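Asks: Dropping the structure in here first, questions after.
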Amino acid sequence: MSRSEAIQKVLDSDPDGRRSQTRKPFADNLRIAPYDGSTHPDDEDFYEVSGKDLSASGMGFFTPDPPKGEIVLALGDRSASIYLTGTVVHVRPGFSNANNNTL
Numbered sequence: 003m004s005r006s007e008a009i010q011k012v013l014d015s016d017p018d019g020r021r022s023q024t025r026k027p028f029a030d031n032l033r034i035a036p037y038d039g040s041t042h043p044d045d046e047d048f049y050e051v052s053g054k055d056l057s058a059s060g061m062g063f064f065t066p067d068p069p070k071g072e073i074v075l076a077l078g079d080r081s082a083s084i085y086l087t088g089t090v091v092h093v094r095p096g097f098s099n100a101n102n103n104t105l
């Protein structure tokens, strides 16, 4: 088994049995920023992360700097972004999973 195959196997596993919904691949880039619960972050507060997967109740993404607590996700290009709020509920090295809601 190659290194990339081994990494993918770990990422695809669900050792805790927490996933109750099917996740679909989502490899697009998106931007995230910390969220204080009331004030929309400025554009310079956002940084790019790589999408992994998504379901009706959450999404996974890769980032070298995992966020904590509330975040805003920006999908699409800067001129026509869709913004979602989310709460980070699980972090693994190189992987964050946020439950999201529309903003």
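Counting from 3, one number per residue, gives the positions in the sequence shown under our numbering. Just so you know, even glycine gets a beta-carbon here, dropped at the ideal spot from N, CA and C. As the structure is a computational prediction, the values presented were derived from the model and not from experiment.
Counting C-beta neighbours from all protein chains within 10 Å, is the total for glycine 88 16 or more, i.e. buried, or is it exposed?
Replies: Glycine 88 comes out buried.
Asks: Report the CB separation of proline 36 from isoleucine 84 in whole angstroms; it is logged as a contact under 8 Å.
Replies: With 8 Å as the limit, proline 36 and isoleucine 84 do not qualify as a contact, their Cβ atoms being about 18 Å apart.
Asks: Which of the three DSSP states is assigned to alanine 29 in this structure?
Replies: It is coil, neither helix nor strand.
Asks: Give the range of the beta strand (DSSP E) segment to which alanine 76 is assigned.
Replies: That run of the beta strand (DSSP E) goes 72-77.
Asks: For arginine 25, which residues of its own chain have a beta-carbon under 6 Å away from its beta-carbon, when the five flanking residues on both sides are left out?
Replies: Asp55 and Ser57, listed in sequence order.
Asks: Could you pull out every residue in the same chain whose Cβ sits closer than 7 Å to the Cβ of glycine 78, ignoring the five residues on either side in sequence?
Replies: Cβ neighbours of glycine 78 beyond the five flanking positions: Ile84.
Asks: Let me check one thing: in DSSP terms, what residues is proline 69 bridge-paired to?
Replies: Note: proline 69 sits in no beta bridge, so no partner.
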